[in-house]
Structures are given as C-alpha cells and as structure tokens.
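2 protein chains.
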Amino acid sequence: MAESEDVKVLGAWPSPFVMRVRIALNLKKVDYEFIAETMHPKSELLLKSNPVYKKIPVLFHKGNPICESLIIVQYIDETWTSVHPILPADPYDRAIARFWAAYIDDKEYNMANTDEERAAVAEQIFAGAKLLEEAFQTCGKGGKWFGGDAVGYVDIVLGSCLGWIRVTEKMSGLKILDGDKFPQLAAWADRVCAEEAVKSVMPEIDKMLEFGATMMARLKAASSAK
Amino acid sequence: MAESEDVKVLGAWPSPFVMRVRIALNLKKVDYEFIAETMHPKSELLLKSNPVYKKIPVLFHKGNPICESLIIVQYIDETWTSVHPILPADPYDRAIARFWAAYIDDKEYNMANTDEERAAVAEQIFAGAKLLEEAFQTCGKGGKWFGGDAVGYVDIVLGSCLGWIRVTEKMSGLKILDGDKFPQLAAWADRVCAEEAVKSVMPEIDKMLEFGATMMARLKAASSAK
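Chains as they are written, first to last, in the UniProt record's numbering: chain A, 1 to 226; chain B, 1 to 226.
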C-alpha cells in the first residue's frame with residue numbers, strides 16, 4: 001500500500017454498496033481500517049455519522065464522514081488523484097459513466113412468489129442486462145472494461161453486485177450472466193471477479209448463499225406473521 | 001452571453017429538472033436554444049436521445065445528448081470551467097453538496113386525500129425542511145448560499161423546486177418556507193428567486209397555479225375512472 005492516511009470504512013461484508021468503497025480504495029492503494037457494522041441494533045457510530053439515512057457504507061477520512069456509495073467513490077477519486085483514475089477525464093465520458101452508475105443503483109426488483117411474478121422479474125432483469133451489454137460498448141469504447149482500458153466507475157458499481165447476481169442465479173435457477181445472450185457482459189463479469197482489487201473483498205459464494213438463505217427465511221417469516 | 005456553442009436544451013417550462021439545466025447554463029453565461037418538448041406524445045427527439053428513461057431534460061452539446069438533471073449540471077460545470085464554479089473545489093465539500101442534491105432529488109411526497117394523510121405529508125415536508133435548514137449552515141459555511149459566497153450546486157437543485165413549493169403552499173394552505181420555523185431557508189428562497197439566472201427561467205406563479213390545477217384535475221379524473 002502506497003499511502004497511509006486516517007481512512008476508515010464502516011460497513012458489513014455482504015453489502016455491495018460497501019464493496020464499492022473497498023474496491024475503490026484498493027484501486028487507489030489506500031490503506032484503511034474496516035469497522036464491521038452489526039446493524040441490529042445500528043451502532044452509535046452509524047447513527048451519528050449518517051443521521052439522514054442511517055445506512056452503510058460510511059467512509060471516514062481524517063475524521064470526516066462521507067455517505068452514499070456513489071458519492072464516496074467519487075470522493076475517493078477526487079482525493080487520491082495520482083493513482084488509477086476511476087472516472088474518465090472527459091466531461092462527456094464522465095456524464096455517461098455517471099448515467100449508467102445511477103441506472104444500476106436505481107434498479108430494484110420485487111420479490112417474486114408466483115411463476116407469473118418470477119417471469120415478470122426475469123423479463124425486467126434481461127431488459128436491464130441488454131441495456132448494460134450495449135452500454136459496455138458505449139462506455140468502454142472497445143476496451144476490456146466499462147472504464148475502457150482500466151477498471152472504472154461503472155465497473156466498480158456493477159462489479160460490486162456480481163456476488164449477489166450469482167447468488168440470485170443459484171437460488172432461482174435463472175441464468176442472468178448468460179454468455180449466449182450477453183457475451184460481453186458475461187466475459188466482463190469473469191474478468192472483474194479475477195481482478196485483485198475486487199477478489200480481495202468479494203465474499204465466497206457459499207458464504208453469501210448461506211446469508212441469502214437466512215435472509216429469505218427471515219423475510220418469509222416476517223411476511224407470514226403479518 | 002460570453003460563449004456561443006452548439007448547445008440545446010430539450011425541456012418543458014413547468015419542469016424543475018429542466019430549470020436546473022437552464023439556471024446552470026445562465027450562470028455559466030452559455031447561450032442555448034430551448035426546444036419545447038410537448039410530451040403527449042413524446043417527441044422522436046426525446047425517445048431517441050433518452051431511450052432509457054424517455055424523460056426531460058436532455059442537454060445537447062455538439063450533438064451529444066446528456067440526460068438526468070443532476071448529471072447535466074455537473075457536466076455543465078466540468079465543461080465550462082472558467083466561469084462561475086458550481087460545485088465546490090474541495091472534494092469533501094463536493095461530497096457534501098452531492099449528498100444534499102441527491103437528498104432533494106430523492107424526495108417524493110404522496111398525494112394526500114384525507115386530513116390524516118395531509119398531516120402525515122406535512123410532517124414529512126417539515127422534517128425535510130428542518131434538515132435543509134441545518135444543511136444550509138454546513139454547506140454554506142455562513143455564506144448567503146448553500147454554495148457559500150455564490151449560487152452553487154445545492155442552490156440550483158433546491159432553487160429549481162421553489163416555484164412548485166410556492167404553488168403547493170398556495171394550493172394546500174400549508175406554509176412550508178415559514179420564516180419563523182426555517183428563517184435561513186425562507187430568506188435564502190427569497191434571495192434565490194431574485195437572482196437573475198433564476199428569475200429569467202422561473203415561471204410566474206399564476207401560470208404554474210393554473211398548470212397545477214389542470215394537472216390535479218387530470219389526476220383526479222384518472223383515479224376516479226379506475
């Protein structure tokens with residue numbers, strides 16, 4: 001690690017939003033302390049440092065708290081400027097990267113209980129993947145990454161979701177990153193997961209599956225208790 | 001106007017999101033052509049230039065379309081750098097400005113039909129205004145604006161909503177920008193509306209009231225036809 005500063009990340013290992021911050025810091029080769037947020041109940045530190053949303057991640061730099069993963073990743077890029085640029089230099093390319101990052105962040109899929117609901121969610125997921133397959137070309141301009149020749153903003157934002165996409169594939173039997181349907185996206189996903197900055201913070205799929213199963217059981221119990 | 005470039009804004013006069021883009025261009029003294037989007041049906045230009053969301057505003061610069069108002073304002077700031085900086089220079093201040101801009105953008109209030117619903121919405125609005133009254137201090141550091149000594153990112157994002165906030169006040173009888181409850185916010189709102197860059201694109205309240213009444217009538221008709 002090239003730099004050593006007063007950097008802390010308040011987060012939890014399963015969160016893709018937290019993972020974004022850790023990947024960005026890894027790319028910048030910035031040392032940081034990881035503080036595990038237990039969430040039940042939320043820590044005093046979380047409530048104090050993100051009083052508006054009370055959500056992880058929170059980045060602390062020299063004691064200042066910064067919230068919201070997309071904002072934190074931009075902060076990291078603008079603070080440690082000499083190593084691995086994350087956003088493109090050109091304003092138009094930056095706007096396009098921000099557009100797709102916000103698009104990925106806005107996606108929410110409802111829980112599906114019936115075959116009909118499952119089919120509807122699958123259709124939405126495939127429509128989103130198709131757009132991202134096309135965006136890969138626009139953003140990456142023929143490079144290996146959304147960021148072109150190097151892992152960039154959209155690679156971090158979407159890459160952080162890959163663990164949960166794979167867990168969803170295993171739990172639902174739905175092949176999302178299908179090399180036949182989305183060849184560029186599928187190949188990109190393998191490349192992202194092999195990157196050191198990502199690999200070192202991406203949890204093992206089995207551990208995520210177990211966490212996912214526990215969460216699903218908890219949600220079902222809560223919904224049947226209503 | 002100091003600069004003349006190939007700049008067009010696709011929008012509609014009542015939209016606060018469109019207004020943000022126009023205020024930012026005014027502050028930068030950039031000449032632009034305004035293209036009125038009629039929305040019913042959506043124009044070919046809109047569908048082609050924002051195929052993902054099909055929403056206004058779209059900024060065209062040298063033929064390139066840029067979508068999403070918060071992204072467009074950042075693009076404007078990063079493209080015309082020599083006149084009136086919109087985002088702060090310091091990365092931490094930028095993160096704080098982005099946080100509040102995103103907070104304002106995320107706010108959605110449900111239509112209230114009963115007294116109970118109206119009270120609940122009013123409570124949410126006042127809670128939001130209280131946070132923004134506090135944020136004015138944090139962002140503005142004692143200056144006249146969220147941007148400190150000059151109109152900045154948060155001033156544009158919140159300022160663009162002032163017309164509709166005032167319409168809401170008139171239509172509901174609820175005093176939102178209450179000088180007793182939120183003295184800084186109320187004084188700031190008057191200052192924003194008196195700024196040339198804002199005043200020249202802020203529609204008259206009567207015109208907005210008329211538009212608001214038509215919209216409400218259309219929504220009620222649609223909901224009673226269900």
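Idealized CB from N, CA, C, for every residue including glycine. All of these numbers come straight from a predicted model, not from anything done at the bench.
For residue i, which of helix, strand or coil comes out of DSSP?
i	result
A:I176	coil
B:P65	strand
A:G148	strand
A:V157	helix
B:F34	strand
B:G11	strand
A:V167	helix
A:V58	strand
B:Y75	helix
B:L162	helix
A:L87	coil
A:A112	coil
B:V198	helix
Is the beta carbon of residue i less than 8 Å from the beta carbon of residue j?
i	j	result
B:L70	B:A24	no
B:D178	B:A186	yes
A:W164	A:P16	yes
B:M208	B:P57	no
B:A122	A:Y75	no
A:G11	A:F34	yes
A:Y32	A:V52	no
A:E133	A:Q184	yes
A:I104	A:V157	yes
B:K54	B:L47	yes
Taking just the CA atoms, how far does residue j sit from residue i?
i	j	result
A:M1	A:V198	Because the pLDDT at A:M1 is just 43, under 50, the model does not fix this residue reliably, and the point stays unresolved.
B:K29	A:A213	56 Å
A:T114	B:S223	28 Å
A:P88	A:S49	30 Å
B:I66	B:R20	14 Å
A:F211	A:Y153	27 Å
A:C193	A:M202	8 Å
B:L27	A:D206	53 Å
A:R22	A:S200	9 Å
B:F126	B:A120	10 Å
B:W129	B:A225	Here residue 129 of chain B turns out to be Ala, not Trp, going by the sequence shown. Their Cα atoms are separated by approximately 35 Å.
A:D155	A:F99	13 Å
A:S43	B:M215	45 Å
B:T81	A:T138	25 Å
A:R166	A:R191	14 Å
B:K175	B:E169	6 Å
residue 228 of chain A	A:N110	Missing from the structure shown is residue 228 of chain A; chain A here goes from 1 to 226 and no further.
B:E3	B:D149	Any reading at B:E3 needs caution, since the residue's pLDDT is 47, under 50, leaving its predicted position unreliable; the model's value is listed next. Cα-Cα distance, rounded: 24 Å.
A:S172	B:D77	44 Å
B:E37	B:V151	28 Å
A:E5	A:L59	13 Å
A:V9	A:P91	29 Å
B:V73	B:V18	10 Å
A:K181	A:Q124	14 Å
B:E196	B:G143	19 Å
A:D106	B:D106	11 Å
A:E68	B:L219	34 Å
B:D93	B:A217	43 Å
A:F136	B:E108	32 Å
A:A112	B:L131	36 Å
Can you tell me whether residue i is buried or exposed? The criterion is at least 16 other CB atoms within 10 Å of its CB, across all chains shown.
i	result
A:S160	buried
B:T79	buried
B:T61	A quick correction: the sequence has His, not Thr, at residue 61 of chain B. Its Cβ being crowded by 16 or more others within 10 Å, B:H61 is buried.
B:V83	exposed
B:G140	buried
B:P41	exposed
A:A97	buried
B:L162	buried
In the DSSP assignment, find the alpha helix (DSSP H) that holds residue i and state where it starts and stops.
i	result
B:I96	91 to 106
B:A24	16 to 27
A:F126	115 to 140
B:F211	205 to 224
B:L185	183 to 194
residue 227 of chain A	The structure shown does not extend to residue 227 of chain A, since chain A spans only 1 to 226, so no value can be given for it.
Between residue i and chain C, is the shortest Cβ-Cβ distance under 8 Å, so that the two count as touching?
i	result
B:Y103	No chain C is part of this structure, whose protein chains are labelled A and B.
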